[in-house]
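Enquirer: Using full-length UniProt numbering, the first residue of the sequence shown is number 1, and each one after it goes up by one. Using N, Cα and C, we set each Cβ at its ideal position, and we do this for glycine too. The structure displayed is predicted, hence computed values, not measured ones. A single structure is presented below for examination.
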Amino acid sequence: WGGATRAAPPQMQPRLDLQPAAGCLVLITVCFQIICVFLLINNIVLHIIITAERDLIKSYKNTVEEFNQTINSLQDNHTDLMTEKHQLQNNFNSLSQKKQELETRVTFLSKGLKKEALTHVFMLLFLFFWSDSRQYCRDRGADLVIINTEEKQVSLCECLLMNEMWIGLSDREQEGIMKWVDNSTLKQGFWLKGEPNNHNNEDCIELNYNRRLPGWSTLNNWNDLPCFEKKRGICEK
Numbered sequence: 001w002g003g004a005t006r007a008a009p010p011q012m013q014p015r016l017d018l019q020p021a022a023g024c025l026v027l028i029t030v031c032f033q034i035i036c037v038f039l040l041i042n043n044i045v046l047h048i049i050i051t052a053e054r055d056l057i058k059s060y061k062n063t064v065e066e067f068n069q070t071i072n073s074l075q076d077n078h079t080d081l082m083t084e085k086h087q088l089q090n091n092f093n094s095l096s097q098k099k100q101e102l103e104t105r106v107t108f109l110s111k112g113l114k115k116e117a118l119t120h121v122f123m124l125l126f127l128f129f130w131s132d133s134r135q136y137c138r139d140r141g142a143d144l145v146i147i148n149t150e151e152k153q154v155s156l157c158e159c160l161l162m163n164e165m166w167i168g169l170s171d172r173e174q175e176g177i178m179k180w181v182d183n184s185t186l187k188q189g190f191w192l193k194g195e196p197n198n199h200n201n202e203d204c205i206e207l208n209y210n211r212r213l214p215g216w217s218t219l220n221n222w223n224d225l226p227c228f229e230k231k232r233g234i235c236e237k
């Protein structure tokens with residue numbers, strides 16, 4: 001025994017401690033779950049916000065469309081009202097002109113005039129250029145008046161008491177050659193003193209009722225004027 005070698009005791013294997021690793025895994029799992037919950041909440045909130053914004057945009061678009069429809073409706077109503085206004089204005093102008101014509105004829109009758117030449121004469125209520133006055137007359141089956149007798153000239157002066165009125169005489173075609181609207185040449189004129197003088201291209205003729213003019217009389221009151229001046233006219237059917 002004394003000389004025998006004593007065997008060494010068996011060595012113990014080191015023990016692995018699994019406690020810390022398990023704790024870290026649990027902590028990671030919990031953190032991951034918290035992150036997932038946070039992301040879920042974030043997604044829910046974003047969904048709510050996006051849905052609310054989408055609904056707001058849709059509501060805004062609907063409001064804009066309704067507003068545009070309202071504007072279009074108001075514009076249509078405005079157009080209709082303006083059209084109606086113009087129609088009423090035209091009707092009023094037409095009635096006013098007819099009233100003027102009737103008043104002119106009543107004036108003839110009330111004065112007891114036996115002027116058969118004036119039975120179809122009427123004044124224009126509105127101011128026009130000479131050519132527009134003529135067209136206005138022609139649209140009503142008439143023309144600017146032709147004055148070819150002293151009787152007719154005097155009768156017009158007695159009944160039509162406007163200051164200045166176009167008659168159907170001009171030298172627009174050829175300077176110095178006065179012609180009536182029926183293309184007949186003037187044979188007898190009833191001019192103011194010094195007229196016609198063709199001052200400033202005066203080619204159209206008016207009756208001037210300003211009795212204060214030098215030499216004015218019922219047989220001396222014609223005057224030449226530029227055709228683009230606006231005057232009332234005397235029509236004759």
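Give me the residue from Leu169, Thr149 and Phe228 with the minimum Cα distance to Leu219.
Expert: Here the closest residue by C-alpha is Thr149.
Enquirer: I believe Val206 touches Asn223 by the beta-carbon criterion, under 8 angstroms. Please report the beta-carbon distance rounded to the nearest angstrom.
Expert: Sequence inspection shows Glu at residue 206; the Val mentioned does not correspond to that position. Sure, about 5 angstroms apart at Cβ, within 8 angstroms.
Enquirer: What is the DSSP secondary structure of Val145, reduced to helix, strand or coil?
Expert: DSSP places Val145 in coil when its eight states are reduced to three.
Enquirer: Using only CA atoms, which one of Asn93, Glu158 and Thr185 lies nearest to Ile146?
Expert: Answer by Cα proximity: Thr185.
Enquirer: Report yes or no: do the region 193-208 and the region 74-92 share at least 3 C-beta pairs separated by less than 8 angstroms?
Expert: These segments do not touch.
Enquirer: Please report the straight-line C-alpha distance between Lys58 and Lys230, rounded to a whole angstrom.
Expert: Going from the Cα of Lys58 to the Cα of Lys230 covers about 60 angstroms.
Enquirer: Please report the straight-line C-alpha distance between Leu88 and Ala52, rounded to a whole angstrom.
Expert: If I take the Cα positions, the gap works out to 53 angstroms.
Enquirer: Rounded to whole angstroms, what's the CA-CA distance from Arg211 to Ser73? Just pull it up for me.
Expert: Approximately 57 angstroms between the Cα atoms of the pair.
Enquirer: Output needed for Val154: all residues of its chain with C-beta closer than 6 angstroms, excluding positions within five of it in sequence on either side, in chain order.
Expert: Within the same chain, Val154 has close Cβ partners Thr218.
Enquirer: Could you check the C-alpha separation between Gly176 and Phe190 for me, to the nearest Å?
Expert: Approximately 16 angstroms between the Cα atoms of the pair.
Enquirer: Applying the 10 Å Cβ sphere with the 16-neighbour rule, what's the burial state of Gly233?
Expert: Buried, because 16 or more other Cβ atoms sit within 10 Å of the Cβ of Gly233.
Enquirer: Quick one: what does DSSP say Ser94 is sitting in, helix, strand or coil?
Expert: Correct three-state label for Ser94: helix.
Enquirer: With DSSP collapsed to three states, give me the class of Phe122.
Expert: Strand.
Enquirer: Please confirm whether Asp203 and Asp182 have their CB atoms less than 8 angstroms apart.
Expert: Not a contact, by the Cβ cut-off of 8 angstroms.
Enquirer: Count the other CB atoms, across all protein chains shown, that sit within 10 Å of the CB of Leu27; report buried if there are 16 or more and exposed otherwise.
Expert: Answer is exposed; the Cβ neighbour count stays below 16.
Enquirer: So, is Phe228 buried or exposed, given that buried needs 16 or more other C-beta atoms within 10 angstroms?
Expert: It counts as exposed.
Enquirer: With 16 other CB atoms within 10 Å as the buried threshold, where does Ile71 fall?
Expert: Ile71 should be labelled exposed.
Enquirer: If you compare alpha carbons, which of Ile167, Val64 and Asn163 is closest to Phe129?
Expert: Nearest option by C-alpha distance: Ile167.
Enquirer: Answer with buried or exposed for residue 240, where buried requires no fewer than 16 other C-beta atoms within 10 angstroms of its C-beta.
Expert: Lying before the first or after the last residue shown, residue 240 is absent from the chain, which here runs from 1 to 237.
Enquirer: Count the other C-beta atoms from every protein chain shown that fall within 10 angstroms of the C-beta of Asp76, then say buried if there are 16 or more, exposed otherwise.
Expert: By the 10 Å Cβ count, Asp76 comes out exposed.
Enquirer: Who are the Cβ neighbours of Ser131 in its own chain at under 7 angstroms, not counting the five residues just before and after it?
Expert: Counting only Cβ-Cβ distances below 7 angstroms, and skipping sequence neighbours, we find Cys227.
Enquirer: DSSP state of Arg220, grouped into three classes?
Expert: Residue identity differs from the one stated: residue 220 is Asn in this sequence, not Arg. The answer is strand: DSSP assigns Asn220 an E or B state.
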